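Each residue of the first sequence is one higher than the last, beginning at 93 in our numbering.
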Amino acid sequence: MSKEITKRADDYSQWYNDLVIKSDLADHSAVRGCMVIKPYGYALWENMRDQLDKMFKATGHMNAYFPLFVPKSLFEAEEKNAEGFAKECAIVTHYRLKNDPDKPGKLMVDPEAKLEEELIIRPTSEAIIWNTYRGWIQSHRDLPLLINQWANVVRWEMRTRLFLRTAEFLWQEGHTAHATKEEALEETTKMLDVYATFVEEFMAVPVVKGIKTANERFAGAEDTYCIEALMQDGKALQAGTSHFLGQNFAKAFDVQFTNKENKLEYVWATSWGVSTRLIGALIMAHSDDQGLILPPKIAPHQVVIVPIYKGEERKVELNDALKKIVADLQAMNIRVKFDDNENNRPGWKFAQYEMQGVPVRMALGLRDLDNAVIEVARRDTKEKTTVAIEGVSSYVQSLLDEIQKNIFEKALQFRNENIRKVDTWEEFNKVLDNEAGFVSAHWDGTPETEEKIKQEAKATIRCIPLNNEQEEGVCVFSGKPSKERVLFARAY
RNA sequence: CGGGAUGUAGCGUAGCCCGGUUAUCGCGCCUGGUUUGGGACCAGGAGGUCGCAAGUUCGAAUCUUGCCAUCCCGACCA
93 MSKEITKRAD
103 DYSQWYNDLV
113 IKSDLADHSA
123 VRGCMVIKPY
133 GYALWENMRD
143 QLDKMFKATG
153 HMNAYFPLFV
163 PKSLFEAEEK
173 NAEGFAKECA
183 IVTHYRLKND
193 PDKPGKLMVD
203 PEAKLEEELI
213 IRPTSEAIIW
223 NTYRGWIQSH
233 RDLPLLINQW
243 ANVVRWEMRT
253 RLFLRTAEFL
263 WQEGHTAHAT
273 KEEALEETTK
283 MLDVYATFVE
293 EFMAVPVVKG
303 IKTANERFAG
313 AEDTYCIEAL
323 MQDGKALQAG
333 TSHFLGQNFA
343 KAFDVQFTNK
353 ENKLEYVWAT
363 SWGVSTRLIG
373 ALIMAHSDDQ
383 GLILPPKIAP
393 HQVVIVPIYK
403 GEERKVELND
413 ALKKIVADLQ
423 AMNIRVKFDD
433 NENNRPGWKF
443 AQYEMQGVPV
453 RMALGLRDLD
463 NAVIEVARRD
473 TKEKTTVAIE
483 GVSSYVQSLL
493 DEIQKNIFEK
503 ALQFRNENIR
513 KVDTWEEFNK
523 VLDNEAGFVS
533 AHWDGTPETE
543 EKIKQEAKAT
553 IRCIPLNNEQ
563 EEGVCVFSGK
573 PSKERVLFAR
583 AY
């Protein structure tokens with residue numbers, strides 16, 4: 093078991109570099125830890141983004157865009173939020189360069205051009221958005237305000253890891269305002285459900301929905317809900333969060349509304365986000381030694397078609413047959429790539445598209461053409477079958493559904509096999525060291541114990557699962573009484 | 001910022017200990033040809049501030065010092 097858990101994020105560097113994302117911008121220390129998203133990787137992100145966007149709109153949200161720069165005075169208004177992000181901010185202090193008198197041809201920061209107030213490059217947008225909401229919300233009739241933003245943010249982490257923790261990343265952040273606590277709480281869990289649905293049904297990655305402990309909570313939130321996924325190396329990954337912000341931001345930015353009784357009240361808030369980290373989750377949850385395995389629903393190309401030529405003879409005939417299949421698949425809204433590039437040989441293409449994770453590959457040569465059949469290979473199991481050309485498009489359509497299902501089932505089985513109930517401290521450590529995965533154990537509910545466990549076992553409480561089964565027990569570390577198990581794991 | 005390692009062509013590397021012709025090999029790239037059912041082959045070709053700077057020396061990729069950068073581990077985190 094433990095031997096199978098070998099895949100670490102680093103093992104995928106081949107695909108990061110060759111296909112999806114280049115690790116850094118240039119040989120330039122100042123932008124280290126940023127990422128260049130290549131077209132193929134971006135197409136993947138776009139598909140994920142488009143689907144999420146649809147789901148946000150279906151739940152009544154609208155998109156807006158707020159500034160990249162947050163004046164320091166706004167940033168510090170909500171104290172806990174500011175404190176939480178203070179150590180990882182990029183700050184703009186000047187607005188002009190000038191020629192350096194000592195170094196011809198070089199530029200220097202013009203000391204005359206110092207900004208009166210520093211601008212924080214957003215690590216998250218609560219501050220600037222809530223400052224704006226103050227002007228948008230006066231009456232209960234303005235509520236709820238349901239807004240999402242697709243943007244980039246910057247968090248100057250001491251250590252970066254491609255996809256999982258880059259200095260700049262793309263994400264969406266929803267920021268909503270509500271008249272009542274109940275409504276805001278409902279929104280928080282509703283959006284968590286949207287995330288869970290998206291990640292499971294489209295990315296085919298099973299998740300545990302849960303709530304964070306106080307230690308792991310978003311800075312400035314009353315409660316943080318999360319979805320936690322398990323990677324093939326047995327480490328957990330937080331895949332998305334949805335925060336109930338209470339009235340913290342409303343109070344910090346003085347956002348009040350007049351209720352039906354003509355009384356002033358502070359609004360209730362939520363925020364929620366997922367990022368390009370999801371791409372990392374996708375890679376680490378599904379890849380094998382041959383490369384990526386992409387779920388059909390979000391794969392940039394769902395099908396790739398490779399013609400196999402023999403000299404020039406009957407090439408037209410071959411291509412005509414394939415073009416008809418391409419047209420049939422496109423008519424079914426299947427994203428298909430017809431690769432008739434003659435610079436690369438079929439074997440090269442097979443390997444290439446396997447590495448890129450294209451779910452279905454079809455190959456047609458003269459031998460097949462004469463028999464009116466075509467070879468169909470699926471990426472997830474690597475099975476190849478020969479199918480009659482007649483009706484192959486509907487075969488492929490159902491195969492894509494089958495692959496989507498199979499990838500999820502495989503990941504689900506792996507995840508379920510790697511949630512282990514543990515009742516002693518010795519076993520707790522043994523499982524983490526030898527088998528990894530989630531450990532379901534009793535915890536006395538104190539931040540002190542949580543912190544000690546983190547120190548000693550390097551494992552954190554990933555979440556307290558929603559609808560958690562209540563069960564009398566004793567804390568695996570302190571031996572104090574506990575009434576439910578929580579999920580521990582070593583995490584990215 | 002602490003601990004460890006490493007910098008040689010676009011990528012991966014040999015050479016360094018023990019200084020001495022024109023810096024090794026593979027992949028990739030360019031040209032021509034033959035090929036195409038699982039990462040083609042033949043022939044020819046281009047590509048190098050040996051991380052940077054200083055020092056030692058007749059002579060430095062190789063030795064010395066300083067600096068810079070990268071990677072891994074830790075603190076931080078989506």
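Each residue gets a CB set at the ideal place from its N, CA and C atoms; glycine is no exception. Since the structure is predicted, the reported quantities are computational estimates derived from the model, not experimental observations.
- DSSP places residue 570 outside any alpha helix (DSSP H), giving it a letter other than H or E.
- Each residue's CA atom was taken as its position, placing residue 534 and residue 541 some 11 Å apart.
- Listed in chain order, the non-local C-beta contacts of residue 396 below 7 Å within the same chain comprise 429, 431, 445, 450, 453, local neighbours out to five positions each way being set aside.
- For residue 206, the enclosing beta strand (DSSP E) has its first and last residue at 206-213.
- Distance from the CA of residue 274 to the CA of residue 336, rounded to the nearest whole angstrom, comes to 10 Å.
- Burial of residue 367 is indicated by the presence of at least 16 other C-beta atoms within 10 angstroms of its C-beta.
- The beta carbon of residue 447 is closer than 6 Å to those of 383 in its chain, skipping five residues each way along the sequence.
- Fewer than three pairs of CB atoms, one per stretch, sit closer than 8 Å, so the region 305-321 makes no contact with the region 403-420.
- Here the alpha carbons of residue 311 and residue 543 stand approximately 17 Å from one another.
- According to DSSP, residue pairing for residue 338 in a beta bridge involves 361.
- Under the DSSP assignment, residue 225 falls outside any beta strand (DSSP E), being part of the alpha helix (DSSP H) whose first and last residues are 218-228.
- In this structure, 480 is the residue among 398, 510, 470, 480 with its C-alpha nearest to the C-alpha of residue 463.
- By the C-beta density criterion, residue 388 is buried, having at least 16 other C-beta atoms within 10 angstroms.
- Around the CB of residue 220, 16 or more other CB atoms lie within 10 Å, so the residue is classed as buried.
- Between the region 233-244 and the region 147-159 there are three or more C-beta pairs closer than 8 Å, enough to call the two in contact.
- Sixteen is the threshold: when 16 or more other Cβ atoms of the shown chains lie within 10 Å of the Cβ of residue 584, as they do, the residue is buried.
- Selection 186, 201, 187 evaluated against residue 193 yields 201 as nearest (Cα-Cα).
- Nearest neighbour of residue 247 by Cα position, chosen from 394, 324, 180, turns out to be 180.
- Per the coordinates, the alpha-carbon of residue 234 lies some 21 Å from the alpha-carbon of residue 217.
- With a 10 Å radius around the Cβ and a threshold of 16 neighbouring Cβ atoms, residue 188 comes out exposed.
- For residue 137, there is no enclosing beta strand (DSSP E); the residue is part of the alpha helix (DSSP H) that begins and ends at 131-150.
- Rounded to whole angstroms, the Cβ separation of residue 140 and residue 254 is 17 Å, and the two are not in contact under 8 Å.
- Our two residues, residue 225 and residue 266, have alpha carbons roughly 13 Å apart in a direct line.
- In this structure, DSSP gives residue 242 an extended state, which the three-state scheme calls strand.
- Across the structure, residue 390 and residue 509 are spaced so that their CA atoms are roughly 26 Å apart.
- For residue 409, the enclosing alpha helix (DSSP H) stretches over residues 407-423.
- Assignment of residue 351 by DSSP, reduced to helix, strand and coil, places it in the coil class.
- In this structure residue 164 is in contact with residue 212, their Cβ atoms being roughly 6 Å apart against a cut-off of 8 Å.
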